[in-house]
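A short worksheet on the structure shown next.
Numbering (our numbering), first residue to last: 1 to 104.
This is the structure in structure tokens:
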């Protein structure tokens, strides 16, 4: 398991999900034996790529993940709110809300 480790590798192909299939370089500079391991674009820093751009891409991905999780939690709570004892607005209340909305 190479998780959490920066180690040289060689991308040998792409899989059906668009992940790079890589083979790891050993300490001696030779490719290690075994099947290629799939890695996502966020897990690979290619030679010649700006490390800051790579870090920005990872930061954007995590921020997007947090926003999506927050939106999912909100939708879950809204979808599961009890509605049994909630009274509907009467005509006067609807009129006041519409009037306030128009005046603001």
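Where is the CB? At the ideal position from N, CA and C, for every residue including glycine.
is_contact[residue i, chain C] using C-beta, thresh 7 Å
| i | result |
| --- | --- |
| residue 51 | Here chain C cannot be found, since the structure has a single protein chain. |
Selection from the options that minimises the alpha carbon distance to residue i
| i | options | result |
| --- | --- | --- |
| residue 4 | 17, 42, 14 | 42 |
| residue 7 | 17, 16, 27, 14 | 27 |
Neighbour-count burial assignment, residue i, 16 or more Cβ in a 10 Å radius
| i | result |
| --- | --- |
| residue 22 | buried |
| residue 72 | exposed |
| residue 88 | exposed |
| residue 20 | buried |
Identified DSSP bridge partners for residue i
| i | result |
| --- | --- |
| residue 9 | 24 |
| residue 63 | Answer is none; residue 63 lacks a bridge partner. |
| residue 38 | 21 |
| residue 14 | 20 |
| residue 45 | Answer is none; residue 45 lacks a bridge partner. |
Residue i: CB within 6 Å of a non-hydrogen atom of the ligand ZN
| i | result |
| --- | --- |
| residue 33 | What this structure holds is no ligand at all, so the ligand ZN is not there to describe. |
N- and C-terminal bounds of the alpha helix (DSSP H) containing residue i
| i | result |
| --- | --- |
| residue 95 | 91–103 |
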